[in-house]
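Only one structure is covered here, and it is reproduced in the block below.
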Amino acid sequence: MTVTSVTDGDSIRYFDPLLNKEVTGRFLGINAPEATKTFEKFGPEGTAFLTTLIMGKEIEIESDPNADITDKYGRYLIHAFISGKSIQQILILEGLVRVAYLYGEYNYSDLYFAAEKKAKESGHNIWSIPGYVYKKMVLTWML
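Quick note on UniProt numbering: the sequence shown kicks off at 1 and runs consecutively.
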């Protein structure tokens, strides 16, 4: 699949040759600070990082047998890879997203949780501000 645009740190648009159209994908298992209608601290940084990483490039996507195909907004729920590496894992390790929205035994959950543990220990980005991330919520820290 060719990435045609990056919406924010956890959503992209790509051309799906099987459907012969551009579609929106939402990365499974993560949540990024907002960078569209509202701006949360590290949201623009996550979007910029992801854009540099994948914009215009070929990625591989997988749906998850334990997840819905689409979310309530019609976005395809996907695990994504570039050159065989998990895009979700890369974003988690950079401290630009947190593990979230795991409603079942999804593929790669262990990988995502291990990456988040390392990211927390490193204290980068969203993990650099005490209390910025708590439980399952991202606090809104306006820029």
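We put the beta carbon where it would ideally sit given N, CA and C, even for glycine.
Using 8 Å as the Cβ pair cut-off and three pairs as the minimum, do the region 25 to 32 and the region 59 to 79 touch? Flag = yes, the region 25 to 32 and the region 59 to 79 touch.
Minimum length 4: unbroken alpha helix (DSSP H) runs contained in the region 56 to 105: The region 56 to 105 contains these whole alpha helix (DSSP H) runs: 87 to 93.
Excluding sequence positions up to five away, which residues of its chain have a Cβ less than 6 Å from the Cβ of residue 12? 3, 6, 25
Out of 129, 57, 128, 112, state which residue places its alpha-carbon closest to the alpha-carbon of residue 31. 112
Nearest-angstrom Cα separation, counted from residue 97 out to residue 128: For residue 128 and residue 97, the distance between alpha carbons rounds to 12 Å.
Sorted by chain position, which residues of the same chain lie with C-beta nearer than 7 Å to residue 69's C-beta, five sequence neighbours on each side aside? 63, 76, 77
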